[in-house]
Structures are given as structure tokens and as C-alpha cells.
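**Q** Quick note, the sequences are listed as chains A and B, same order.
Using the numbering used here, you'd call the opening residue of the first sequence number 727 and step up by one each time.
Using the numbering used here, you'd call the opening residue of the second sequence number 2 and step up by one each time.
Quick one: the structure is below, and I'll ask about it shortly.
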Amino acid sequence: MAGLSEPFRDGFMQRALLEMVVLSVLAGVVSVHVLLHRLAFVGDAMTHAVFPGIALAFVTDRSLLLGATFFGVLAAVLLTFATRLPHLGTDAALGVIVGAFFSVGVLIVSTSHTFTADLSSLLFGRILAVDGTQVAQTAAVAVVVVAALAMVHKELVLRAFDPIGSAALGYRPVVIDLVLNVAVALMVVASVRAVGTVLVLAIIVVPAAAARLLTDRIAPMMVIAVALTALASYAGLALSYEASLRHEVRLGAGATIVVLLCLAFVLSAGLGAWLRRRHGRAVASAEAS
Amino acid sequence: MSLLQHLESPLVRRALLEAVMVGALCGAVGVHVLLRRLPFFTLALSHATLPGVVLASMAGVSLFAGGAAAAAVVVLTVGAVGSARRLDVATATGVALSFAFATGVLLQSVREGGAKDLAAFLVGDVLTTSAADLRTTVIAGTAVLLVLVLVHKEVVFGAFDPDGAGAAGYRLVGLDLIVLGAVALTVVTSVRAAGTIQVVTLLVAPALAARAWSARVAPMMVLGACFGALAGGTGIAASSQWGLAGGAAVTLSAVVILVVASGCAALYDQRRHRIVTATPELAAGAR
């Protein structure tokens, strides 16, 4: 490798990196809330549930953001209310909604002629083909979502740790759940066309899970989650660029980022266990003396 | 009329047979997915089959075997990460799912030929069912159902009252592994026809529809199998009639059946309730 900035001399690589840095900030904040509220399944379901919106925008050649936002918010609202039906259970409702929404998307894409080629580009995204408008859209959504989550931060944390107390204080659980689900939906909408399902799926869950292994406090957890995602994005983009240019191995950029992020998770698990053992020993020796 | 004409094509006949069998298998096993709250685990399993399938097709061995091997790895990973206890099972499942999915896509991108096969695998490819695929489905499906019938009592006991089952001397880990193994084998069998993302719906929707009509597990499984088979049949019929994607048509049929079946069940319950309360001697008996 000639230099760390060398792969990023081209415009498309700079745009991809910029998109990923913006997404890292968004993902760091959202994924910590997803972790605290145990919404991993909701996040995964949402990445597939916005698919009809993306497919519709693709087939009609209209603005993508509008269609995807519509289906994303629709899925979030349906989820919030379906999980409150008696005898149903969150995960069963999610299981039905995932497949139903995704199937509608598949049917929409199947009306176009170049079915499978379109489908794979829709599902896996083309992060190296991100244009300026997409980066601007992602940034706009990121600002709105992060600002909204920051404003209701205390209420969200209260609901995560003490749902009964939160309800007793007069916060309506359904409203708080709706805010979170819509935030997840918007994050998916903002990023899925640019970077693809695989990558969005991962950055909703993995960053916070890795950060959680290193700290118990929420604000540092968000900072670590953002940093890890940005680092994995940088390394993943550089690695996939080097591999395809120098060694003629085609590594998909998005998937490379995810695999590196999972590697960061494994390293955090090791580091976290080591730190805790050291801390435990320090406490024990302080008590002994 | 033209529906029957479609049946003259062996392609459609095989697809229909496969969809009906997969639907019935998923409907029956789905009851256990609901009982043990495994839908998210099921979604992770279906994503996990991807790297196995890609590797198997690169190595030229059976895709079914590749998917099964990858599913086994994910079962163990979720267990290992979840038992670390600093993360809840849902987060552990999410991490395993992301990793498996990305590895599958990465392997596919290294291979020449692009992501076309992968896309077909993601949305299901029931119309290319071969005679060998049908045989695999028959063997795997029979094995799964046979095991679930043989240990039915124990498995249901373990699902509803784990403490009681443990106290009665059953090894809970063994019971869990039997159910997880049955679900995993069902997913691996069904994913080629139904599609990676839709297979979870095919497991959950018919079982939910059956639960609206029966509170007992064995009838629920039979009813779930019937609803699942019906979804498979109507899905393939709609797909060949209007040229829709097969996996998507089967999944949406299952969702429509769920909505209709639970709507009818709710109406029936309401009516029965009204008759009971309107008839003094019945109402007294009900009290």
C-alpha cells in the first residue's frame, strides 16, 4: 500500500467514504437505541420492508426517497400497532410483515424486464456509484433523525430501562415506540439505495453490539459505535479498492465493510473481556491492601 | 381452463408439488417456531444459508448440504455469543445474521459471474425445481415431521413449562436442540423455493392462522400444514396464471390466508359469544 489516502484520490471513492462517514454517525446513534430496546429484529425487518418503495421508485423512475419513505413509515406504523394486538407477539408480527412487504417489492420488480439484474443492484446497492445528491439526502435524513433522537434521549433511555416507570410518569409507550421505529425506518430509507441491504442490515445492529462490549455508559457507547463504523468503512473501502486494482480479486465494497465490522466486534469482545479481568484484579488488590 | 393447461408443463407440475410440500412442512413446523418464539432466529438461519450455498456452488457439491452446514455454524455461533451474557439473544442473532449474509455476498462477489444466482436465491426460485430437489424435500420433510411426531409430548412440555420438564427429568438442552434442528432443516429445505427473506413468513403465517382456530398443538400443526399447502397451491396457480414471481406469490397467499382465517375466527367467536349470552341456560353453564 503506497499511502493511506491513496485509494481515495478518485472522486467516486471520496463520495463513497463521505456517504459512509455520514452513515456511521447515524448508525452509531440509532444502533445504540436499537440495542437498548432490543429491536434488532425490527431493524432487520425494516431493511426488507422498505423494499417495495425502492422497487416502485425504480420501476416508475420517480424520486426514490418519497416511495421508500412512504413504505418505511407504513411498515413502522404497522409494526408498532401489530405488536400491540393481543395474543400476537412482536416477533410473530414481524415475521409476517417482513415477508409480506418484501414479496410486494419482488412482484413490483418482476414487472420490469431486466428482473434479476435490477434485483441484485437494488438489494446489494452500489456504494461506489453513490452520487452527490444521494450523499446530500443521507446527510439531511441523518441530521433530522439524530436531532430528533437527541431531543427525546432521556425519554427513550427511561423507556428502555424502566418501561413501567416511564408509563407511570405519563409517557405513552406507543408514541415512544413509534418514534424509534420511524427513526429506524428513516435510517434505512436514507441509506439502503446507496449502500444496499447487506450493509444497512449490519450497521443497525453490529456497531452498538461491539461498543456495548467495551463500555456500560450510553454516550461513550455511541461515540465508540460511530468510530468503529467509520474505521471499518475506511478500511473496507481501501481494502476492496486495493484488492481489485492490485490483485484482481473482486471484493464487494459493502460486504467487505460488514465483514470488517464483524471482525471489530470479535476484537471488542476480546478487548472487553481483557479490560474487565484487569479491572476486576485491580479492584481485588485495592480491597486487599 | 387455462389453469389446467399450465399443468401440462412438467415445470409447473414440479413447482406446484414442491410449493405444496414446502408449504405443508412450514405450516406444521411453524407452530413450534411460534411456541418457542423463534421467528428472528429463523430469519437469521435463512440468511445464514447464503455463504454455505455460495461455497457449495463454487465447490460443485450439493447446495442443500452447503446450506445445512452453514446453518449448523450459525446455530452454534448464536449459542456461543448469546451465552457470553453481556448481549441479549436478539443482538447476538443480529450480529450472526449480518456476518453470515455479508460473507455470502462477499464470496459471491469474488466469484466470477456477478450476483444473479444470489438474487434468485434471495427471492426464491421455485420454477426451476428438479426431480432431485423434489426428492430432497420429501426425504427431509418426512424426517422432520417424523421426529416432531415421535417426541411431540416432550417438546410441547418443554416449550410451555421448561422448569417442569427439567424437574421431570427431561434434558432441556436436548429438547431445544431437537426443535432448533427441525426448524433449521425446514429452513434449509424450503429456502430454495420460498426465498431467503420470505421463508420466515411461510413458517409464521400459516401457523398463526391455525392458532386462531385451535388452542391445541397437534390440531394446530395439522391445520397449519393444510393452510401452508393451500398457500403453496394458490401461490403457484397465481404465479403461472399471471406470470408473477413464484416465491412472492406463495408468501402473499399465505398472508392473505392468515388475514381471512383470523378474520373468520374472530367473527365466529363473536357470534358464539352472542348466542351464549343470549341463551340463559347456556350462559349459566358458561359461568
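The beta-carbon is built from N, C-alpha and C at its ideal position, and this holds for glycine as well.
These figures come from a predicted structure and were not determined experimentally.
Kindly indicate which residue of A:Val984, A:Pro778 and A:Gly896 has the alpha-carbon position closest to the one of Val932 (chain A).
**A** Here the closest residue by C-alpha is A:Val984.
**Q** Among B:Ala133, B:Leu135, B:Ser131 and B:Gln109, which one has its Cα closest to the Cα of Leu123 (chain B)?
**A** Residue B:Gln109 is the option with its Cα nearest to Leu123 (chain B).
**Q** Classify Ala781 (chain A) as buried or exposed, calling it buried when 16 or more other Cβ atoms lie within 10 Å of its own Cβ.
**A** Counting Cβ neighbours within 10 Å, Ala781 (chain A) comes out buried, since at least 16 surround it.
**Q** Measure from the C-beta of Val1009 (chain A) to each C-beta in chain B and report whether the shortest distance is under 7 Å.
**A** False, the Cβ-Cβ gap to chain B never drops below 7 Å.
**Q** Looking at Val926 (chain A) and Val755 (chain A), is the spacing between their C-beta atoms short of 7 Å?
**A** Their beta carbons are not under 7 Å apart, which means Val755 (chain A) does not touch Val926 (chain A) by this criterion.
**Q** For the segment 230-256 of chain B, enumerate the residues whose C-beta is nearer than 9 Å to any C-beta of chain A, in chain order.
**A** Of all residues in the segment 230-256 of chain B, Gly244, Leu245, Ala246, Gly248, Ala249, Ala250, Val251, Thr252, Leu253, Ala255 and Val256 have a Cβ within less than 9 Å of some Cβ in chain A.
**Q** Below 8 Å on the Cβ atoms is my guess for Leu46 (chain B) versus Ala185 (chain B); work out the distance and round it to an integer in Å.
**A** Confirmed, about 6 Å.
**Q** Following the continuous alpha helix (DSSP H) through Asp770 (chain A), name the residue where it begins and the one where it ends.
**A** Unbroken alpha helix (DSSP H) run through Asp770 (chain A): Ala766 to Ala775.
**Q** Whose Cβ in chain B lies nearer than 8 Å to the Cβ of Asp770 (chain A)?
**A** Within 8 Å Cβ-Cβ: Phe41, Leu44, Gly95 and Leu98.
**Q** Given a cut-off of 7 Å, decide if Ser966 (chain A) and Leu977 (chain A) are closer than it, judged by their beta-carbon atoms.
**A** Yes, the Cβ-Cβ distance between Leu977 (chain A) and Ser966 (chain A) is below 7 Å.
**Q** Within the 7 Å Cβ cut-off, does Arg927 (chain A) reach chain B?
**A** In the sequence under discussion, the amino acid at residue 927 (chain A) is Leu, which differs from the Arg named in the question. It does; some Cβ of chain B falls within 7 Å.
**Q** My parser needs the alpha helix (DSSP H) runs of 4 or more residues fully inside the segment 919-992 of chain A; what are they?
**A** DSSP runs (the alpha helix (DSSP H)) wholly in the segment 919-992 of chain A: 923-938 and 944-972.
**Q** Tell me, please, whether the CB atom of Arg288 (chain B) is closer than 7 Å to any CB atom in chain A?
**A** Confidence is the limiting factor: at Arg288 (chain B) the pLDDT is only 45, short of 50, which leaves the residue's position unreliable and the question unanswerable from this model.
**Q** Tell me the residue span of the alpha helix (DSSP H) that contains Phe834 (chain A).
**A** A quick correction: the sequence has Ile, not Phe, at residue 834 (chain A). Where Ile834 (chain A) is concerned, the enclosing alpha helix (DSSP H) stretches over Thr816 to Ser836.
**Q** Does any residue of chain B bring its CB to less than 7 Å from the CB of Ala766 (chain A)?
**A** Yes, its Cβ sits closer than 7 Å to a Cβ of chain B.
**Q** State the Cα-Cα distance for the pair Leu259 (chain B) and Gly28 (chain B), rounded to the nearest angstrom.
**A** The alpha-carbon atoms of Leu259 (chain B) and Gly28 (chain B) are separated by roughly 11 Å.
**Q** Give the range of the alpha helix (DSSP H) segment to which Leu198 (chain B) is assigned.
**A** Reading off the sequence, residue 198 (chain B) comes out as Ile, not Leu. Looking at the DSSP string, Ile198 (chain B) is not in any alpha helix (DSSP H), and its letter there is neither H nor E.
**Q** How do the segment 185-198 of chain B and the segment 60-69 of chain B stand: do at least 3 beta-carbon pairs fall below 8 Å, yes or no?
**A** Touching, yes.
**Q** Please classify Met877 (chain A) as buried or exposed, where buried requires at least 16 neighbouring CB atoms within 10 angstroms.
**A** Exposed, since its Cβ has fewer than 16 Cβ neighbours within 10 Å.
**Q** May I ask which residues mark the beginning and end of the alpha helix (DSSP H) holding Ala865 (chain A)?
**A** Ala865 (chain A) -> alpha helix (DSSP H) spans Gly858 to Met877.
**Q** Suppose you measure from the CA of Val1016 (chain A) to the CA of Leu761 (chain A); what does that come to, to the nearest Å?
**A** Residue 1016 (chain A) is absent from the model: chain A starts at 727 and stops at 1015.
**Q** CB Gly125 (chain B) to CB Ala71 (chain B), shorter than 7 Å?
**A** No, the pair does not count as a contact, with Cβ atoms beyond the cut-off.
**Q** Run down chain B in chain order and give the residues with a C-beta less than 7 Å from the C-beta of His774 (chain A).
**A** Going along chain B in sequence order, the residues near His774 (chain A) (Cβ under 7 Å) are Ile198.
**Q** So which residues of chain B does Leu752 (chain A) contact, with C-beta pairs closer than 9 Å?
**A** Those within 9 Å of Leu752 (chain A) in chain B number zero; the least Cβ separation is about 17 Å.
**Q** Could you give the first and the last residue of the continuous alpha helix (DSSP H) run that contains Asp164 (chain B)?
**A** Residues Pro163 to Ala168.
**Q** Got a sec? Which residues, its chain only, sit under 8 Å from Arg810 (chain A) by beta carbon, not counting five neighbours each side?
**A** The residues are Val900.
**Q** By Cβ distance, which residues of its chain are closer than 8 Å to Tyr171 (chain B), with the 5 residues on each side in sequence left out?
**A** The answer, listed in chain order, is Glu155, Phe158 and Gly159.
**Q** Could you give the C-beta distance for Ala771 (chain A) and Leu820 (chain A), rounded to a whole number, given that I count them as a contact under 8 Å?
**A** So it is a contact: roughly 5 Å between Cβ atoms.
**Q** Pick out whichever of A:Val799, A:Ala999, A:Leu993 and A:Leu987 has its Cα sitting closest to the Cα of Ala103 (chain B).
**A** Selected option, being the one with the closest Cα: A:Leu987.
**Q** Check the C-beta distance from Leu833 (chain A) over to Ala249 (chain B) and give it rounded, since I have them as a contact under 8 Å.
**A** That pair is a contact at about 5 Å.
**Q** Where does Gly896 (chain A) fall in DSSP's three states?
**A** Of the three classes helix, strand and coil, the one that applies to Gly896 (chain A) here is coil, per DSSP.
**Q** Can you name the residues of chain B whose CB is closer than 7 Å to the CB of Thr982 (chain A)?
**A** Those within 7 Å of Thr982 (chain A) in chain B are Leu107.
**Q** Restricting to Cα atoms, I'd like to know which of A:Ile929, A:Val914 and A:Asn907 is closest to Leu804 (chain A).
**A** The shortest Cα separation from Leu804 (chain A) among A:Ile929, A:Val914 and A:Asn907 belongs to A:Asn907.
**Q** Here's the rule: buried if 16 or more other CB atoms are within 10 angstroms of the residue's CB, otherwise exposed. What is Pro1036 (chain A)?
**A** Given a span of 727 to 1015 for chain A in the structure shown, any question on residue 1036 (chain A) remains unanswerable.
**Q** By the three-class DSSP mapping on this structure, what secondary structure does Gly225 (chain B) have?
**A** Gly225 (chain B) falls in the helix class under three-state DSSP.
**Q** Express the C-alpha separation of Ser254 (chain B) and Leu268 (chain B) in angstroms, rounding to a whole number.
**A** Approximately 21 Å, taken between the alpha carbons.
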